[in-house]
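According to the numbering used here, the stretch in the sequence shown is residues 46 to 251, in order.
The beta carbon of each residue, even a glycine, is placed where N, CA and C say it ideally should be.
Source: prediction; values computed, not measured.
First up is the structure itself, then whatever we jot down about it.
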Amino acid sequence: MLGRIIEKVRIRLLLRGEHESLALRDHFARRYQVEVGLYSYGCFDPWRTPRRTRIGRYCSFAKSARILDANHPIDALTTHPFLYEARFGVVPRDLIDPPWLEISDDVWISHNATIAPGCKTIGRGAIIGAGAVVTHDVPPYAIMAGMPATRLRFRFDAETIAAIEASRWWELDKAGLADLVRRSPAAAYHPGAETLAPWIAARAGA
46 MLGRIIEKVR
56 IRLLLRGEHE
66 SLALRDHFAR
76 RYQVEVGLYS
86 YGCFDPWRTP
96 RRTRIGRYCS
106 FAKSARILDA
116 NHPIDALTTH
126 PFLYEARFGV
136 VPRDLIDPPW
146 LEISDDVWIS
156 HNATIAPGCK
166 TIGRGAIIGA
176 GAVVTHDVPP
186 YAIMAGMPAT
196 RLRFRFDAET
206 IAAIEASRWW
216 ELDKAGLADL
226 VRRSPAAAYH
236 PGAETLAPWI
246 AARAGA
């Protein structure tokens, strides 16, 4: 009990630099097998973000969003975790070894959304709507909603998505993003092949 309290206090202190703290990210990677890219936030909670979760940069997690790492086995004698988790002392080792969940850059997971074990990949730029239950992989830039979640549409047309991918803006640090907003506000707030082209060219020539 004391160890849990100490750990909660430690995380709370580290969360003061949630967007950029390398110490916070190193702690979660080593202790919880949760890897989080810079500027992502809302995911530093071992109860809501289980082990073997890899999160890209600039992701936004609502405080009520949750990832489930495994289903209870319905074909066993009991669905109780005594039968498959070693920490209860019934079995000698964990019998469920979930694969890594890969969440790419700039993913927004909204309030009360649930990522179920059937989902192994959430593509870059995707949005998971409030209350959605995601049971399968999510393609890049898809907007998902419902229970089970289905794709409503893509955020942008194919040409715009290609331009955004070519920009690789998520590799920028905060200062670089501020420079993009200052130099090319149209590219930042109304991205498209035309608005992004000058900035992509300028970055390539830098």
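_Inter-residue spacing [alpha-carbon to alpha-carbon] between residue 121 and residue 167_ = Straight across, the Cα-Cα distance linking residue 121 with residue 167 is about 30 Å.
*Using three-state DSSP, classify residue 239 as helix, strand or coil.*
Correct three-state label for residue 239: helix.
*Within 10 angstroms of its Cβ, does residue 133 collect 16 or more other Cβ (buried), or is it exposed?*
Residue burial is scored here from C-beta neighbours: residue 133 has fewer than 16 other C-beta atoms within 10 angstroms and is therefore classed as exposed.
*Should residue 84 be labelled buried (16 or more other beta-carbon atoms within 10 Å of its own) or exposed?*
Buried, because 16 or more other Cβ atoms sit within 10 Å of the Cβ of residue 84.
_Spatially closest choice to residue 91 from 229, 82, 111, by CA coordinates_ = Distance check between residue 91 and each of 229, 82, 111 places 111 closest, using alpha-carbon atoms only.
*Identity of the residue in 233, 87, 196, 78 nearest residue 144 by Cα*: In this structure, 78 is the residue among 233, 87, 196, 78 with its C-alpha nearest to the C-alpha of residue 144.
*Can you tell me which of 99, 130, 159, 117 puts its alpha carbon nearest to the alpha carbon of residue 151?*
When only C-alpha atoms are compared, the closest one is 99.
*Any idea which residues DSSP pairs residue 189 with across the strands?*
Listed as beta-bridge partners of residue 189 by DSSP are 173, 196.
_Straight-line Cα distance separating residue 164 from residue 93_ = Using only the alpha carbons, I get a separation of about 15 Å.
*Apply the 10 Å Cβ neighbour rule to residue 119 and answer buried if 16 or more other Cβ atoms are within range, or exposed otherwise.*
With fewer than 16 Cβ atoms within 10 Å of its Cβ, residue 119 is classed as exposed.
*Report all residues from its chain with a CB closer than 6 Å to the CB of residue 241; omit the five preceding and five following residues, and keep chain order.*
Correct list, in chain order: 208, 212, 232.
*For the alpha helix (DSSP H) that contains residue 98, what are its first and last residues?*
Bounds of any alpha helix (DSSP H) do not take in residue 98; it lies within the beta strand (DSSP E) bounded by 98-100.
*With burial defined as no fewer than 16 other Cβ atoms inside 10 Å of the residue's Cβ, what is the status of residue 158: buried or exposed?*
Around the beta carbon of residue 158, 16 or more other beta carbons sit within 10 angstroms, so the residue counts as buried.
*Report the residue from 161, 156, 148, 74 whose alpha carbon sits nearest the alpha carbon of residue 117.*
Looking at the Cα atoms, 161 is the closest of the given residues.
*Leaving out five residues before and five after residue 206 in sequence, what residues of the same chain have Cβ atoms less than 6 Å from its Cβ?*
Sequence-distant partners of residue 206 (beyond 5 residues in either direction) whose C-beta falls short of 6 Å from its own C-beta, in its chain, are 186.
_For residue 70, count the other beta carbons within 10 Å of its own beta carbon; 16 or more makes it buried, fewer makes it exposed. Which is it?_
Classification for residue 70: buried.
_Closest residue to residue 201 among 218, 181, 235, 74 (Cα-Cα distance)_ = Among 218, 181, 235, 74, the Cα nearest to that of residue 201 belongs to 235.
_Where the beta strand (DSSP E) containing residue 148 begins and where it ends_ = Where residue 148 is concerned, the enclosing beta strand (DSSP E) stretches over 146-148.
*Pick out whichever of 96, 149, 108 has its Cα sitting closest to the Cα of residue 176.*
When only C-alpha atoms are compared, the closest one is 108.
*asked:* Here's the rule: buried if 16 or more other CB atoms are within 10 angstroms of the residue's CB, otherwise exposed. What is residue 95?
replied: Result: buried.
*Going straight from the alpha carbon of residue 142 to that of residue 105, what length do you get?*
Their Cα atoms are separated by approximately 27 Å.
*Count the other CB atoms within 10 Å of the CB of residue 89; is the residue buried (16 or more) or exposed (fewer)?*
The residue is buried, with at least 16 neighbouring Cβ atoms inside 10 Å.
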